[in-house]
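Engineer:
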Amino acid sequence: MIDAITPDFLRNLPAGTRTPCHERSDIFVHPVRRTPYQSAVTEAKALCAQCPIRAACVEHAIRHGETDGIWGGLTPAERRAHRRPKCGTDAGWRSHFLRGESCLICREAHEDRLRKQRLKQLDRAHARGGSLAGYRLELLLGLPTCVRCRAVRKAYYADRPSSGKWYRRAA
Ligand code: SF4
Ligand SMILES: [Zn+2]
Ligand SMILES: [Zn+2]
């Protein structure tokens, strides 16, 4: 971390508290310029491991996109790997999905995008005079099925033998 700038998480420490990196900016700032690099990283990480505010330090560095130095025991490359896409975006939803996480904001945004996409597909189906796909989209969207899509569907199944499935029997 950088001594010249006092980040929020360092401002309200109890009086007299010293973080292990205090006055050790020599190993925390731009370790890549030091020789040997790896020994500076190892030393900085060892100090961070004993730090009582390590979690706040990592959170600050990731949230503010700090690009240099060791923060909370993480190198710039390690912090990049921790950075998560914003909630509400498609990337955010995929990131939760891959991790098996549940996020209401991302789920609602995803469902909203899906609904808009289906509405566009339905518009295209109607522009072609209705279709079987349009009929299915109407059901998926919870909309009443329209005369044109129903007619296409009816014609499609009219001369097919019944499979015994409920959705084929229904006219
Ligand atoms: S976690 Fe490391 S860089 Fe952050 S305040 Fe503590 S010792 Fe300093
Ligand atoms: Zn999310
Ligand atoms: Zn329709």
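Numbering (my numbering) for the sequence shown: 728 to 898.
A virtual CB, placed ideally from N, CA and C, is assigned to each residue, including glycine.
#1: Could you tell me which uninterrupted alpha helix (DSSP H) segments, each at least 4 residues in length, are contained entirely in the stretch 775-839, listed from first to last along the chain?
#2: Cα separation between residue 737 and residue 809?
#3: Between residue 780 and ligand 1, is the CB less than 8 Å from at least one heavy atom?
#4: Between which two residues does the alpha helix (DSSP H) harbouring residue 876 extend?
#5: CB-CB under 7 Å to residue 802, same chain, minus the five flanking residues each way: which ones, in chain order?
#6: Taking 9 Å as the threshold (C-beta atoms), are residue 771 and residue 789 in contact?
#7: For residue 874, count neighbouring C-beta atoms within 10 Å of its own C-beta (all shown protein chains included) and say buried if the count is 16 or more, exposed if not.
Structural biologist: Once the coordinates are examined:
#1: 781-790, 803-809 and 817-826
#2: Indexing the sequence shown from 1 puts residue 737 at position 10. Indexing the sequence shown from 1 puts residue 809 at position 82. Distance between the alpha carbons of residue 737 and residue 809 is about 21 Å.
#3: Reading the sequence shown from its first residue, position 53 is the one you call residue 780. Residue 780: yes, Cβ under 8 Å from ligand 1.
#4: On the sequence shown, residue 876 is found 149 positions in, with the first residue counted as 1. Counting along the chain, the alpha helix (DSSP H) containing residue 876 begins and ends at 874-885.
#5: Counting from 1 along the sequence shown, the entry for residue 802 is found at position 75. Answer for residue 802: 768, listed in chain order.
#6: Taking the first residue of the sequence shown as 1, we reach residue 789 at position 62. Taking the first residue of the sequence shown as 1, we reach residue 771 at position 44. No, Cβ-Cβ distance for residue 789 and residue 771 is not below 9 Å.
#7: On the sequence shown, residue 874 is found 147 positions in, with the first residue counted as 1. Under this definition residue 874 is an exposed residue.
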